[in-house]
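Undergrad: Sharing a structure with you now.
Residue numbers (the numbering used here), protein chains in the order written: chain W, 179 to 696; chain X, 29 to 391.
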């Protein structure tokens with residue numbers, strides 16, 4: 179009962195929190211005050227220590243040094259958080275970026291799962307009504323009886339938040355909550371958070387997106403390399419200042435469009451259609467051309483066929499109609515391997531799901547395109563030593579931050595995983611005579627500003643070398659700045675193809691909503 | 029108050045792995061000691077007798093190696109399939125299929141094709157090839173069902189075991205039964221041209237086949253493009269498809285290798301040990317192979333080491349039954365305890381145990 183401070187409006191105080199992992203100082207004496215009734219953003223690049231710090235706060239890790247204090251009866255008392263369960267007993271709940279829901283159970287069952295004192299026989303209706311009521315209070319309508327797999331990602335997130343609220347949390351930690359949401363869902367989430375803080379709850383909001391920090395948060399703490407570099411009032415700062423604090427230097431503007439002329443046509447889609455996994459139309463008679471030295475932007479709300487476009491062009495999904503030509507040669511129905519040989523490379527949207535085998539070494543991952551041919555391959559054999567040499571070359575040229583080529587790909591930060599994929603794909607593309615077709619699906623999603631800058635620069639560089647880039651993105655600013663033309667997808671169809679110089683974000687928005695360009 | 033909590037490790041060092049392994053074995057042996065005490069035996073004496081029974085002399089070592097031979101091969105068979113996350117639980121049946129095919133060649137080819145020279149240089153390769161082919165066919169059915177229709181391979185490979193075992197029992201009890209065998213179940217003995225050469229006692233060439241196979245599988249895993257593709261599919265099938273690897277083709281090829289190795293085990297057993305098709309071929313070597321592969325963490329060279337140690341445990345278990353009059357099941361119980369604690373101990377390779385002092389709970 180020593181060390182009692184009396185700052186009435188502080189809900190949580192972290193003082194001098196240090197957390198080490200072998201060879202890494204993840205948090206270096208971090209101080210952080212979170213007040214009652216505020217949204218406090220925790221901003222930083224990937225690997226800056228945001229998640230570690232929050233894992234300490236929610237009981238997953240124990241700090242090596244430092245104390246955590248919680249407000250109780252108007253005073254701060256040091257606490258020892260032993261486990262996530264203990265954290266929630268103390269009123270601290272975390273909403274993870276990757277949901278921890280049981281997909282085959284209902285909303286109600288997911289909310290109460292693992293709680294103490296749940297009776298053997300559930301009064302599902304009563305519990306459901308309670309949960310629905312909490313949902314309404316915070317502008318999060320849910321259907322308690324619905325099964326998780328039936329819900330959209332935004333609805334699943336509501337269930338995660340409800341789980342924490344139902345357990346009576348006063349301090350909510352949200353780990354990059356908007357990463358998976360549509361703009362509309364993000365707005366709704368903002369309203370939910372406002373209602374919570376109005377009731378005196380505190381919210382810690384982990385993010386690396388400056389825009390949403392500026393629009394959601396009251397105060398912001400910037401972490402860089404495990405240290406707290408600044409805690410600021412959002413009203414008294416700017417995006418530019420925050421970006422500088424985050425990366426520790428000034429950022430350059432997105433690379434500009436190309437001035438020169440287009441090369442020959444590299445990729446042509448003629449009325450291509452395909453089906454999704456449930457056998458429903460996913461692409462309807464798509465016709466597009468991509469020239470050498472061009473970036474063709476693909477815009478659209480997520481789930482309108484962009485993913486299927488990438489899969490069809492790379493041979494991962496069979497077409498049900500139309501033709502695909504690469505460099506004037508018909509490649510309809512080609513296998514992924516044939517598309518690779520034809521010079522189509524792919525930066526997939528799901529880095530760890532498709533682009534990398536997380537448990538294999540970085541060297542193994544970097545060899546995914548090149549292992550079939552010399553110098554790596556010798557007949558049926560594979561030269562592992564040369565593989566490491568090549569990997570080291572790529573790591574250096576593409577500035578991938580890793581302890582070494584033997585490190586599992588999973589343990590790299592998101593930005594460095596993406597750099598590794600780009601290194602592999604771009605290098606594979608260089609083997610295609612006359613420029614590669616680079617299919618880049620959401621290449622900057624989930625990355626911090628420094629990594630975004632480097633990914634965009636690489637793509638622009640390839641375009642300047644004469645490759646064609648199919649840039650699928652949900653970041654309209656990125657498309658407006660980089661793309662030569664933008665094709666807007668809606669419901670698996672192209673609503674229109676526009677030049678950024680002759681359109682506006684508003685017009686793109688209308689096309690994305692399904693209005694056809696006349 | 030003092031409590032404990034588990035914390036995830038970022039990386040696991042070799043030293044940690046070895047320490048964890050040693051700790052796991054200690055736990056298993058202690059559990060076994062309690063059991064031995066419960067049946068009224070001295071644990072030290074029993075463990076001593078087991079060690080002596082398994083490795084205490086030339087004869088004992090030979091017997092252990094004879095027991096290890098099939099385990100090496102089935103362990104490799106399982107390791108190959110599991111590496112690609114293809115859950116081949118059917119090594120037992122594939123082994124039996126191989127044993128049937130090898131026996132068929134040895135028993136009936138001399139009659140059907142008398143012009144084939146009856147010497148070991150001709151017959152043993154023929155029998156081995158037939159065994160590999162039969163095992164592979166037995167494994168291919170589940171492989172094709174899986175790769176074309178998505179049928180769960182755990183169920184199909186498991187069920188195929190029983191089909192093979194029943195067929196084999198039918199054969200040596202019925203159509204292939206030795207008419208001059210005084211009514212004992214079992215086929216006639218093979219001609220000597222169908223015996224695997226023996227080094228000493230019952231120790232036969234099958235051990236060398238197993239060792240060579242281990243090295244070959246190790247080369248496939250670590251030095252070939254195919255091994256790279258297998259690992260890629262095992263780690264992330266989507267990424268493998270993305271890299272242009274044909275999953276269908278690899279399931280088929282991997283199962284030919286995996287089930288072929290199991291089939292070869294059947295050949296090694298009938299041509300090396302029993303010299304006829306009889307009871308004793310389906311003695312769970314295929315299932316024990318799963319334990320071997322798992323304890324060896326699917327590493328082909330470690331499979332050899334684990335197979336020998338496990339065989340020692342089994343032979344030693346038989347020994348204490350004879351010398352100390354203890355139940356033979358002790359060996360199997362220990363085997364189970366070791367598997368359980370080594371697999372369970374894995375959590376300490378991935379997590380670190382931290383002691384925490386909790387201050388008295390505040391009101």
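Backbone N, C-alpha and C define an ideal beta-carbon position, used for all residues, glycine too.
Return the residues of the region 256 to 285 of chain X that lie within a Cβ-Cβ distance of less than 7 Å from chain W, sorted by chain order.
TA: Within the region 256 to 285 of chain X, the residues whose Cβ lies closer than 7 Å to any Cβ of chain W are, in chain order, 256, 259, 260, 263, 264, 266, 267, 269, 270, 271, 272.
Undergrad: So what does DSSP say about residue 406 of chain W, is it helix, strand or coil?
TA: strand
Undergrad: Please name the residue in X:114, X:177, X:201 whose C-alpha comes closest to that of residue 167 of chain X.
TA: Comparing Cα positions, the closest option is X:114.
Undergrad: With 16 other CB atoms within 10 Å as the buried threshold, where does residue 393 of chain X fall?
TA: Residue 393 of chain X lies beyond the residue range present for chain X, which begins at 29 and ends at 391; the question has no answer from this structure.
Undergrad: Which residues does DSSP pair with residue 459 of chain W in a beta bridge?
TA: Residue 459 of chain W is bridged to W:453.
Undergrad: Closest to residue 629 of chain W by CA distance: which of W:647, W:667, W:576 is it?
TA: W:576
Undergrad: Please give me, in chain order, every unbroken run of the beta strand (DSSP E) with length at least 3 that falls completely inside the region 202 to 268 of chain X.
TA: 226 to 228
Undergrad: Reducing DSSP to helix, strand and coil, say where residue 650 of chain W ends up.
TA: strand
Undergrad: Measure the CB-CB distance between residue 583 of chain W and residue 540 of chain W and report whether it falls below 8 Å.
TA: Taking the C-beta atoms as reference points, residue 540 of chain W is found nearer than 8 Å to residue 583 of chain W.
Undergrad: Whole angstroms are fine: how far does the CA of residue 186 of chain X sit from the CA of residue 192 of chain X?
TA: 10 Å
Undergrad: Just the C-alpha distance for residue 601 of chain W and residue 316 of chain X, rounded to the nearest angstrom, thanks.
TA: About 44 Å.
Undergrad: Quick one: Cα of residue 219 of chain W to Cα of residue 407 of chain W, how far?
TA: Residue 219 of chain W and residue 407 of chain W have their C-alpha atoms some 13 Å from each other.
Undergrad: Residues of the region 284 to 303 of chain X in Cβ contact with chain W at a cutoff of 7 Å, in chain order, please.
TA: none
Undergrad: Apart from the five residues just before and just after residue 319 of chain W, which ones in its own chain have a Cβ nearer than 7 Å to its Cβ?
TA: Scanning its chain for C-beta atoms nearer than 7 Å, with the 5 sequence neighbours on each side dropped, one finds around residue 319 of chain W the residues 313, in chain order.
Undergrad: Use the C-beta contact count for residue 189 of chain W: other C-beta atoms within 10 angstroms, 16 or more gives buried, fewer gives exposed.
TA: buried
Undergrad: Do the CB positions of residue 238 of chain X and residue 97 of chain X come within less than 8 Å of each other?
TA: yes
Undergrad: Near residue 561 of chain W, what residues of its chain come up, given a Cβ to Cβ distance below 8 Å and the 5 sequence neighbours on each side ignored?
TA: Within the same chain, residue 561 of chain W has close Cβ partners 553, 554, 555.
Undergrad: If you measure from the beta carbon of residue 115 of chain X to each beta carbon in chain W, is any gap under 8 Å?
TA: With 8 Å as the cut-off, residue 115 of chain X does not count as an interface residue toward chain W.
Undergrad: For residue 184 of chain X and chain W, any beta-carbon pair shorter than 8 Å?
TA: Interface residue (Cβ-Cβ distance to chain W less than 8 Å): residue 184 of chain X is not classified as such.
Undergrad: Can you give me the C-alpha to C-alpha distance between residue 550 of chain W and residue 508 of chain W, rounded to a whole angstrom?
TA: 24 Å
Undergrad: What beta strand (DSSP E) runs, 3 residues minimum, are completely inside the region 469 to 502 of chain W?
TA: 473 to 477
Undergrad: Can you grab the Cα-Cα spacing for the pair residue 579 of chain W / residue 272 of chain X, in whole Å?
TA: 27 Å
Undergrad: Around the Cβ of residue 668 of chain W, are there at least 16 other Cβ atoms within 10 angstroms (buried) or fewer (exposed)?
TA: buried
Undergrad: Indicate whether at least one CB of chain W lies closer than 8 Å to the CB of residue 376 of chain X.
TA: no
Undergrad: State the start and end residues of the unbroken alpha helix (DSSP H) segment that holds residue 145 of chain X.
TA: Unbroken run through residue 145 of chain X: none, as it is neither H nor E.
Undergrad: Can you tell me whether residue 386 of chain W is helix, strand or coil according to DSSP?
TA: coil
Undergrad: Terminal residues of the continuous beta strand (DSSP E) containing residue 42 of chain X?
TA: It is not in any beta strand (DSSP E) - residue 42 of chain X instead sits in the alpha helix (DSSP H) that spans 42 to 66.
Undergrad: Return the CA-CA distance between residue 478 of chain W and residue 423 of chain W, expressed in angstroms with no decimal places.
TA: Our two residues, residue 478 of chain W and residue 423 of chain W, have alpha carbons roughly 32 Å apart in a direct line.
Undergrad: Going by other Cβ atoms of all chains shown within 10 Å of its Cβ, with 16 needed for buried, is residue 328 of chain W buried or exposed?
TA: exposed
Undergrad: I believe residue 222 of chain X touches residue 299 of chain X by the beta-carbon criterion, under 8 Å. Please report the beta-carbon distance rounded to the nearest angstrom.
TA: 6 Å
Undergrad: Which residues bound the beta strand (DSSP E) around residue 210 of chain W?
TA: Segment 202 to 213, the beta strand (DSSP E) holding residue 210 of chain W.
Undergrad: For residue 545 of chain W versus residue 650 of chain W, is the C-beta distance shorter than 8 Å?
TA: no
Undergrad: Pairing CB atoms from the region 242 to 250 of chain X with CB atoms from the region 337 to 349 of chain X, are three or more of them under 8 Å?
TA: no
Undergrad: Looking only at C-alpha atoms, which of X:281, X:328, X:266 sits nearest to residue 528 of chain W?
TA: X:266
Undergrad: With a threshold of 7 Å (Cβ to nearest heavy atom), would residue 347 of chain W be considered close to the ligand GDP?
TA: Questions concerning the ligand GDP fall outside what the structure shown contains, since it holds no ligand whatsoever.
Undergrad: Mapping the DSSP letters down to three states, classify residue 347 of chain X as helix, strand or coil.
TA: Of the three classes helix, strand and coil, the one that applies to residue 347 of chain X here is helix, per DSSP.
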